[in-house]
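Protein sequence lines, in the order shown, are assigned to chains A and B.
Residues in the first sequence are numbered from 368 upward in steps of one, following the numbering used here.
Residues in the second sequence are numbered from 368 upward in steps of one, following the numbering used here.
2 protein chains.
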Amino acid sequence: MNKEFTPYYAVIFTSKQSANLEGYQKTSERMEKLVKNQVGFLGMDTAKSDIGITVSYWDSLESIKNWKQNLEHQIAQKSGKEKWYTNYKVRICEVLKEYSFNK
Amino acid sequence: MNKEFTPYYAVIFTSKQSANLEGYQKTSERMEKLVKNQVGFLGMDTAKSDIGITVSYWDSLESIKNWKQNLEHQIAQKSGKEKWYTNYKVRICEVLKEYSFNK
Numbered sequence: 368m369n370k371e372f373t374p375y376y377a378v379i380f381t382s383k384q385s386a387n388l389e390g391y392q393k394t395s396e397r398m399e400k401l402v403k404n405q406v407g408f409l410g411m412d413t414a415k416s417d418i419g420i421t422v423s424y425w426d427s428l429e430s431i432k433n434w435k436q437n438l439e440h441q442i443a444q445k446s447g448k449e450k451w452y453t454n455y456k457v458r459i460c461e462v463l464k465e466y467s468f469n470k
Numbered sequence: 368m369n370k371e372f373t374p375y376y377a378v379i380f381t382s383k384q385s386a387n388l389e390g391y392q393k394t395s396e397r398m399e400k401l402v403k404n405q406v407g408f409l410g411m412d413t414a415k416s417d418i419g420i421t422v423s424y425w426d427s428l429e430s431i432k433n434w435k436q437n438l439e440h441q442i443a444q445k446s447g448k449e450k451w452y453t454n455y456k457v458r459i460c461e462v463l464k465e466y467s468f469n470k
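Printed below as a string of structure tokens:
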């Protein structure tokens, strides 16, 4: 669409939470703070109804990999599997084009 | 991740609703019904908090284009701009890989 468009990447995280949310809020806030300091992090959108959807945006696949391997984030991922989520799915995407509307 | 993985496409629609939601619910339900009959439609995830996020999945960019150009959908898009949304963003993505967790 836009000739100036620079390709970037999106990670779509869809999840279903379990009944055990012990420690979730605190960790979630900590991760949000951490991710904003990651090299290559461009932004994030999040919403929650029956399922939760969080989409984070990145400058490269390498930046996504670095965040996945961040030590504190790895501990959070472990707790997520053990306690907070009954299921989730992660999709790594390349954003090919975009357009927007603003009133 | 998976050697059998077939690349597919995701459309990430993030939106902020306006105060005028007249006709929104009915059209939303109609669009959900219509999209499920579109050739190449693979599924959809949706959640809503401060913003709404809807991600739809498709077999090809052509299928995404066909849905965008669907006549009834075009009328809905027009109402969306006129009434229901103060802003939105559409990102067309190629899903490069995915992984999931199920308890």
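Just so it is clear, CB atoms sit at the ideal spot from N, CA and C, and this is done for glycine as well.
Looking at the ligand FMN, does it come within less than 8 Å of residue i, judged from the CB to the closest heavy atom?
i: L401 (chain A); result: As for the ligand FMN, it is missing from this structure, which has no ligand bound.
When the cut-off is 9 Å and only beta carbons count, does residue i lie next to chain A?
i: F408 (chain B); result: no
i: S416 (chain B); result: yes
i: K426 (chain B); result: Contrary to the premise, residue 426 (chain B) reads as Asp rather than Lys in this sequence. It does not: the Cβ of D426 (chain B) has no partner Cβ on chain A nearer than 9 Å.
i: V462 (chain B); result: yes
i: T453 (chain B); result: yes
i: S446 (chain B); result: no
Is the beta carbon of residue i sitting closer than 9 Å to the one on residue j?
i: Q392 (chain A); j: T453 (chain A); result: no
i: Y375 (chain A); j: D426 (chain A); result: yes
i: T402 (chain B); j: D412 (chain B); result: A small fix is needed here, since residue 402 (chain B) is Val in this sequence, not Thr. Not a contact, by the Cβ cut-off of 9 Å.
i: G419 (chain B); j: T381 (chain B); result: yes
i: K415 (chain B); j: A414 (chain A); result: yes
i: E429 (chain B); j: M398 (chain B); result: no
i: Y461 (chain A); j: C460 (chain B); result: The residue asked about is misnamed: residue 461 (chain A) is Glu in this sequence, not Tyr. Against a cut-off of 9 Å, the Cβ pair of C460 (chain B) and E461 (chain A) comes out as a contact.
i: F468 (chain A); j: K456 (chain B); result: yes
Taking only beta-carbon positions, decide if residue i is within less than 9 Å of chain B.
i: E439 (chain A); result: no
i: G471 (chain A); result: Missing from the structure shown is residue 471 (chain A); chain A here goes from 368 to 470 and no further.
i: R397 (chain A); result: no
i: I379 (chain A); result: yes
i: I459 (chain A); result: yes
i: N404 (chain A); result: no
i: E429 (chain A); result: no
i: I473 (chain A); result: No information on residue 473 (chain A) is available, as it lies outside the stretch 368 to 470 that chain A covers here.
i: K470 (chain A); result: yes
Closest to residue i by C-alpha separation, out of the options, would be which residue?
i: V378 (chain A); options: B:F468, B:L463, B:A386 and B:N469; result: B:L463
i: W434 (chain A); options: A:F408, A:N469 and A:K470; result: A:F408
i: D417 (chain A); options: A:Y424, A:A386 and A:K400; result: A:A386
i: E396 (chain B); options: B:Y424, B:K450 and B:A443; result: B:A443
Roughly how many angstroms separate the alpha carbons of residue i and residue j, rounded to a whole number?
i: K445 (chain B); j: E389 (chain B); result: 14 Å
i: Q436 (chain A); j: T394 (chain A); result: 16 Å
i: K400 (chain A); j: W451 (chain A); result: 19 Å
i: V406 (chain A); j: Q441 (chain A); result: 17 Å
i: N404 (chain B); j: G410 (chain B); result: 11 Å
i: K470 (chain B); j: Y424 (chain B); result: 24 Å
i: R458 (chain A); j: R458 (chain B); result: 14 Å
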